[in-house]
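Undergrad:
Printed below as a string of structure tokens:
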């Protein structure tokens, strides 16, 4: 398997983990705690983005280096993921406008948004944050 294919596959695994965190938290906050779908998404998205950062720095891009410490790398990750978040959250909101019944099932809207933002997130992570090969010491 080529390195790029391996990265795409591992990024997809991280995306599935992030989706599970995102959808699980959004669904729980709406269904169990009575939060509105938009406020719940702020918490669920930040949690999921943190999980995907950890996964990708540990697995997907373990052979690449950001040149930053963990805190700075996480902050850079969150900044880069803003574009993916705009796409992701835009489709999340659009899903509720087009299909009002989804207010009872925010996990479906989370999935739609997550899929759309994944491509932008991979390209940004690989090309901007983890762009150089890790060197041995």
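Residue numbers (our numbering): 17 to 153.
Backbone N, C-alpha and C define an ideal beta-carbon position, used for all residues, glycine too.
Small disclaimer: the values here were computed from a predicted structure and weren't measured.
1. Does residue 149 pass the burial test, meaning 16 or more other C-beta atoms within 10 Å, or should it be called exposed?
2. In this structure, does DSSP put residue 151 in helix, strand or coil?
3. Considering Cα atoms alone, identify which of 83, 131, 111 and 24 is closest to residue 144.
4. If you measure from the beta carbon of residue 19 to each beta carbon in chain D, is any gap under 9 angstroms?
5. Would a C-beta distance cut-off of 9 angstroms place residue 38 and residue 151 closer than the cut-off?
6. Measuring CA to CA, which of 27, 65 and 46 is closest to residue 104?
7. Please name the residue, chosen from 137, 22, 93 and 139, that lies closest to residue 79 on a Cα-to-Cα basis.
8. Are at least three pairs of beta-carbons, each pair with one atom in the stretch 103-118 and one in the stretch 55-65, less than 8 angstroms apart?
9. Buried or exposed: residue 125, going by 16 or more other Cβ atoms within 10 Å of its Cβ?
TA: Checking against the coordinates, here is how it stands:
1. Classified as exposed, residue 149 has fewer than 16 neighbouring CB atoms from the shown chains inside 10 Å of its CB.
2. DSSP places residue 151 in the coil class of the three-state scheme, outside both helix and strand.
3. Relative to the Cα of residue 144, the nearest Cα in the group 83, 131, 111 and 24 belongs to 83.
4. Any reference to chain D falls outside this structure, which holds one protein chain only.
5. no
6. 65
7. 22
8. Because the criterion of three Cβ pairs below 8 angstroms is met, the stretch 103-118 and the stretch 55-65 touch.
9. Counting Cβ neighbours within 10 Å, residue 125 comes out buried, since at least 16 surround it.
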